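Note that my numbering has the sequence shown beginning at 555, numbered continuously upward.
Idealized CB from N, CA, C, for every residue including glycine.
Note that the coordinates shown come from a computational prediction; the quantities given were computed from them, not determined experimentally.
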Amino acid sequence: MENAMITMKNINKGYMLGEERLPILKDINFQVNKGEYVAILGPSGSGKTTLMNMIGCMDVMDSGEYYLDGMAIHETKEDDLTMVRNQKIGFIFQNYQLIPTYNVMQNIIMPLLMRGMTHEEAEEKCKNTIKLLGLDHRIGHKPNELSGGQKQRLCIARALAVSPEVLLMDEPTSALDPISTLKIEELMETLKKKYTVVIVTHNMQQAARVSDDTAFFLVGEVIEKNATSEIFARPQDKRTEDYITGRFG
Ligand code: ADP
Ligand code: MG
């Protein structure tokens, strides 16, 4: 357990649909170790984003225990959760969630300004990241003046700016063309060494290329989690095999 970054025990989460509760996550048990790079694979509507929001402390569970780097998140109050979120988590969304009226630099440094850094300090801190992500010629541009790939790199820059420990990526390349996807994947390779990463992807090749471990997710359950090479070569569960071989999903 000492090496665990994310430990979820019997997590349940549902949404109210009128009078009825629609269960989404059912008794999820899930662990990610520090420095691990885990892909979550599964058909759409199976609760992957719900799980990611839970991991990112953006939403609360109905029951269960969640430890993030040893901290009992299920017992933590909202104010403290905001702090955990700001300090530990970098979130990269499929639909970017950039501020349209801010330019590249303003989007990247915004979370740092919220932490009380001055403009100068924040810009200095982000200089290297901006270079690494190839955005240095774009710092004055607004999001709508960027390509999809550039927007996603901007999101990654914004997530990295706060020096998080955990990077959560929810289908980061599903809106991108193959070339931009490849660029983002190359970037993921370089991020691998520094962060604990959980990535949701529809793209099985991507899971196979970038992750150490893969968890297969189906209607609110983790069906199996294993070394990525094992999941693809020897899925233990028929449902995983069917998904991987394209028989459904
Ligand atoms: P995935 O990311 O795997 O596609 P989601 O976690 O987005 O799945 O959604 C899982 C299920 O939960 C879906 O059936 C979706 O309609 C439902 N759902 C997600 N968010 C809400 C919400 N805020 N209120 C009600 N139902 C929701
Ligand atoms: Mg989703």
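CB contact flag (residue i, residue j, <9 angstroms)
i, j, result
"residue 565", "residue 608", "yes"
"residue 713", "residue 646", "yes"
"residue 603", "residue 754", "yes"
"residue 697", "residue 644", "no"
"residue 657", "residue 702", "no"
"residue 742", "residue 786", "no"
"residue 721", "residue 745", "yes"
"residue 689", "residue 676", "no"
"residue 827", "residue 762", "Look at the range of the chain in this structure, 555 to 803, and you will see that residue 827 is not part of it."
Rounded distance between the beta-carbons of residue j and residue i, thought under 8 angstroms
i, j, result
"residue 716", "residue 582", "No, residue 716 and residue 582 are not in contact; Cβ-Cβ is about 27 angstroms, not under 8 angstroms."
"residue 738", "residue 706", "6 angstroms"
"residue 679", "residue 619", "That belief does not hold up - the Cβ atoms of residue 679 and residue 619 are roughly 35 angstroms apart, past 8 angstroms."
Same chain, Cβ closer than 7 angstroms to residue i, neighbours up to 5 away in sequence not counted
i, result
"residue 589", "750"
"residue 616", "566, 567 and 568"
Limits of the unbroken alpha helix (DSSP H) element including residue i
i, result
"residue 797", "792–798"
"residue 762", "758–764"
"residue 641", "632–642"
"residue 777", "Premise fails: residue 777 lies in the beta strand (DSSP E), 775–781, not in any alpha helix (DSSP H)."
Sequence-distant residues of the same chain with beta carbon closer than 8 angstroms to residue i, five excluded per side
i, result
"residue 709", "646, 647, 650, 651, 652 and 726"
"residue 791", "770, 777 and 778"
"residue 578", "567, 568, 569, 601, 604 and 774"
First and last residue of the uninterrupted beta strand (DSSP E) at residue i
i, result
"residue 578", "574–587"
"residue 563", "558–571"
"residue 702", "Per DSSP, residue 702 belongs to no beta strand (DSSP E); it is in the alpha helix (DSSP H), 702–715."
"residue 753", "750–754"
"residue 734", "Counting along the chain, residue 734 falls outside any beta strand (DSSP E), though it belongs to the alpha helix (DSSP H) covering 732–745."
Residues near residue i in its chain [Cβ-Cβ closer than 6 angstroms; skip 5 each side]
i, result
"residue 561", "585 and 621"
Which residues, in chain order, sit with a beta-carbon under 5 angstroms away from any heavy atom of ligand 3?
With respect to ligand 3, the structure offers nothing, as its ligand set consists of ligand 1 and ligand 2.
What are the complete alpha helix (DSSP H) segments, minimum 4 residues, inside the segment 646–695?
Counting only runs of 4 or more, we get 658–668 and 673–686.
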